[in-house]
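One structure is given below, encoded as structure tokens.
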Amino acid sequence: MVEVTPAEPGTSYTVCLNRDRQRAETLRLNRDREGAEVSGDPGLLRCAMKVLSIAVFLVSCVPLLDAQQTAAPVGQPQPTVADPASQPPKPEIRPEDRCSIEGRVLSAATGEPLRKAQIQAALMNSRNNASSYATISDAEGHFSITKLEPGQYHISVSRNGYTNTSYGQRKANGPSTPLSLSTGQNVRDVVFRLTPNAVISGRVFDEDGEPMERVNVQVRLYRYFRGERQLMPAGGAMTDDLGEYRIFGLAAGRYFLSATYRSGWFNPAQDRSAPKPEEEGYAPTYYPGTTDSAGAAPIEAAAGTQLRGIDFTLKRTRVVRVRGRVVNTITNRVARNTMVVLRSRGLMGGFGGERGTRLDNRGEFDIRGVAPGAYIITAMWRDGESNYDAHQALDIGSTDVENVSLIITPGVRVNGRVRFEAGTDANPTQVHVTLMSSNAITGNMGSKGGQPKNDGSFTFENVSPDTYNVNVYAPPGLYLKSVRMGGQDALESGLDLSAGAADAIDVLLSPNGGEVEGAVTNSKQQPASGAAVVLIPDSHRDQRQFYKNSATDQNGHFSIKGIAPGNYKLFAWEDIDPGAAEDPEFLKPYENKGQAFSIEEKSRHNAQLELIPAEDTADHKRAGNQ
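For the record, in the sequence shown the residue sitting at position 573 is 981 according to our numbering, with numbers rising by one throughout.
Structure follows, in structure tokens:
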């Protein structure tokens, strides 16, 4: 994280909040002896990056949701919040009603105090932009945050060389505990123990034992994404001229490693009339030394360990060419600035297995050095502010692939409107509407999202002809009552835009949702703090927006609002990976542990839940070899 000291009180800054530049925050800082108090527009931002070409990244920053909203998974378009000017003013809080938090930050490995740790307290469960407060620990690891308004807070701590930690969190990416502060309450002796990060390093050699430079070594670990357990990138490094790499900042976990030689990632347009000699190249290699991703074995990286000597030897193998043509029906001519990218899919697919080229003057492409495997080939063309693409799945064997045809077609304009039932002061700009592609090939690449205008209207330009689910992210207390396109119930069946033109989308949100609150106890009938409470619908289990998540506070209490009428099951886990409950395979052994109930509009359900202990989840992971 980065410490920012303003030149004068009230100055606004945009700062990077952690080492990998994945979050930023716009802060208005007022300095006092307690540290930096954040006010104004302090919504946390997450940067969602999409690679469009070898050198082009589009970066869009959008706020994180508060705890009662449904956040989109990693890689999907994320919701934004409204301009604070559109929100009703907060009531004035008397000085004696404000709260404070005080404690220390220590190393979990040595118990020593950690200085310069960044502590942030973000107010949850508010329709207004949540107030956020920040400070830095001193030489004794001590910190104090004062002048907090009463409410529930998410407290997070980070420091260079250590895994980011939240209050009540038992492991990296595990559930955290909201800290509830009543009027005038002062919480003392809060202790954060930060776990040191792990490091993996080694060298990469060719078949003759010579060091190889420009080899991309990546680490991946299993995470849940869109209801499936998948290997996702977690870090990486490029080898230097000595063939050495070093990947740092890793939380404790089981990692899969791959090494991909990057030379020739981008092929210029080729002379297709040239002879076709048999080609050799370096196929992606997976630790402990196989080119078959199914044979990859994980490495256990304990907290604070430095795993050295994790070496790779890359061997030449038969590689092939992929040739084809891109037809642009928008320009009806060759667009030389069209990029064609071949990306791996499957177990170890992602950043490590990509190759690309541009079109020649006949609209043809030739991608060389492709190892056998399963791929998605994509043609991408940009015209001003609009992006167009075409996709196709390819299974490549030991022979060249010829005559691949990709056709870029005009997108569809989709208009819509967000409406509210009576009884809410919410503004349409607080809503985020996303068309999420349900095509297994295109995935998130075909998704569109954005905020409505003040009158509730929205327009998505250049939507690829495809099938979509409509995801609507709304402020706390509201539920999605209906989504219709013409006479079609798009909430149930999704949108089919494959034929082209579309009717307007009508989105109706209601403040009359149900509510469930209650408490979670462990096997000793003691309140269970930091439990992950997950509300799972009986229907719509393929749509994440119908799941709701909460966490118990320090008293074991939880509350979930804005629930659509229907039948549900409620679960409470001591330890669960984010998104795991959306995976039918993960959920199967726990189905009988959930509390079933029904919700109607404006109804309220009280639930007393028994905690599913961490040992049960650990046994499930071992059985699934996670």
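Positions of the beta carbon are idealized from the N, C-alpha and C atoms, including for glycine.
Quantities reported herein were computed from a predicted structural model and do not represent experimental measurements.
#### Entry: For S545 and V513, believed in contact at Cβ under 8 angstroms, the rounded distance
About 5 angstroms separates the beta carbons of V513 and S545, which is inside the 8 angstroms limit, making them a contact pair.
### Message
Is it buried or exposed, L639, if we count other Cβ atoms within 10 angstroms and call 16 or more buried?
### Response
Looking at its Cβ environment, which holds 16 or more other Cβ atoms inside 10 Å, L639 is buried.
### Task
Identify, in the order they occur along the chain, each residue of the same chain with its Cβ nearer than 8 angstroms to the Cβ of T807, setting aside the five sequence neighbours on each side.
V728, listed in sequence order.
### Query
Contact between the segment 579-589 and the segment 609-626: three or more CB pairs below 8 angstroms?
Too few Cβ pairs lie closer than 8 angstroms, so no.
### Query
Which stretch, first to last residue, makes up the beta strand (DSSP E) that contains A936?
It is not in any beta strand (DSSP E) - A936 carries neither H nor E in the DSSP assignment.
### Task
Pull up the distance between the alpha-carbon of A834 and that of P499, whole angstroms please.
Rounded to the nearest angstrom, the two C-alpha atoms are 17 angstroms apart.
### Task
Take V942 and list the residues in its own chain whose beta-carbon comes closer than 6 angstroms to its own, dropping the five residues that flank it on each side.
For V942, where only same-chain residues beyond five positions count, the Cβ hits under 6 angstroms are N957, F979, A989.
### Query
Taking just the CA atoms, how far does E621 sit from T647?
About 5 angstroms.
### Query
Can you tell me whether DSSP reads R763 as helix, strand or coil?
Correct three-state label for R763: strand.
### Query
What are the boundary residues of the beta strand (DSSP E) that includes E615?
It is not in any beta strand (DSSP E) - E615 carries neither H nor E in the DSSP assignment.
### Message
Taking the alpha carbon of T518 as the reference point, which residue from R726, A711, A939 has its own alpha carbon closest?
### Response
T518 has its Cα closest to that of A711, out of R726, A711, A939.
### Message
Per the DSSP calculation, F600 is bridged to which residue(s)?
### Response
For F600, which the question treats as bridged, DSSP gives the partners V513.
### Query
What residues are listed by DSSP as bridge partners for R786?
In the sequence as displayed, the identity of residue 786 is Thr instead of Arg. In the DSSP secondary-structure assignment, T786 is bridged to V749, H799.
### Query
What's the C-alpha gap between V826 and R716?
Spanning the two alpha carbons is a distance of roughly 55 angstroms.
### Query
Between which two residues does the beta strand (DSSP E) carrying P641 extend?
For P641, the uninterrupted beta strand (DSSP E) segment begins and ends at 636-646.
### Task
Tell whether a beta-carbon distance below 8 angstroms holds between A779 and T698.
Taking the C-beta atoms as reference points, T698 is found no nearer than 8 angstroms to A779.
### Task
Kindly indicate which three-state DSSP category R744 falls into: helix, strand or coil?
Coil at R744, not helix or strand.
### Task
Tell me whether Q486 sits in a helix, a strand or coil according to DSSP, three-state version.
Note on Q486: pLDDT 37, under 50, position unreliable in the model; the coordinate value appears next. It is coil, neither helix nor strand.
### Message
Cutting at 8 angstroms between CB atoms, please list the residues of its own chain near E900, excluding the five before and the five after it.
### Response
If we look at E900 and ignore the five residues flanking it on each side, it has no Cβ neighbours.
### Task
Identify the continuous beta strand (DSSP E) that holds F954 and give its terminal residues.
Here F954 belongs to no beta strand (DSSP E), and DSSP marks it neither H nor E.
### Query
Taking just the CA atoms, how far does Y541 sit from P604?
Here the alpha carbons of Y541 and P604 stand approximately 25 angstroms from one another.
### Message
Taking the beta carbon of G895 as the centre, do at least 16 other beta carbons fall within 10 Å, making it buried, or is it exposed?
### Response
Counting Cβ neighbours within 10 Å, G895 comes out exposed, since fewer than 16 surround it.
### Query
Which one or two residues does DSSP pair with I775 in a beta bridge?
V730.
#### Entry: Alpha-carbon to alpha-carbon, K932 and T488
With a pLDDT of 38 at T488, under the threshold of 50, the predicted position of this residue should be treated as unreliable, though the coordinate-derived value follows. In this model, T488 and K932 are separated by some 42 angstroms (Cα to Cα).
### Query
Considering only residues of the same chain and omitting the five flanking positions on each side of L658, which have a CB-CB separation below 8 angstroms?
For L658, the CB contacts under 8 angstroms within the same chain, skipping 5 residues up- and downstream, are N605, A606, V607, I608, V627, A642, G643, A709 in chain order.
### Task
Keeping to the same chain, check which residues put their C-beta closer than 7 angstroms to that of L1019; ignore five residues upstream and five downstream.
Cβ within range, chain order: V928, T929, N930, A936, A939, A980, E982.
### Task
Grab me the residues of E1009's own chain with a C-beta within less than 8 angstroms of its C-beta, minus the 5 sequence neighbours each way, in chain order.
For E1009, where only same-chain residues beyond five positions count, the Cβ hits under 8 angstroms are S918, N920, G921, G922, P973.
### Task
Below 7 angstroms CB to CB, which residues in the same chain sit around H948 once its five sequence neighbours on both sides are set aside?
If we look at H948 and ignore the five residues flanking it on each side, its Cβ neighbours are F954.
### Query
What is the residue span of the alpha helix (DSSP H) that A898 lies within?
First-last of the alpha helix (DSSP H) with A898: 898-901.
### Query
If you run the structure through DSSP and keep just helix, strand and coil, what is L843?
Assignment of L843 by DSSP, reduced to helix, strand and coil, places it in the strand class.
### Task
Just the C-alpha distance for P836 and G703, rounded to the nearest angstrom, thanks.
In this structure, the alpha-carbon of P836 lies about 50 angstroms from that of G703.
### Query
On the three-state DSSP scale, how would you describe G895?
In the structure shown, G895 adopts coil according to DSSP, grouped into three states.
### Message
Between G592 and Y653, how many whole angstroms is the CB-CB distance? I'm expecting something under 8 angstroms.
### Response
That belief does not hold up - the Cβ atoms of G592 and Y653 are roughly 53 angstroms apart, past 8 angstroms.
### DSSP three-state assignment for Y998, whether helix, strand or coil
Note: Y998 maps to helix in three-state DSSP.
### Residue burial classification, D961 (beta-carbon count within 10 angstroms, cutoff 16)
D961 comes out buried.
### Query
Which partner residues does Q526 have in the DSSP bridge list?
Looking at the DSSP assignment, Q526 forms a beta bridge with I544, S566.
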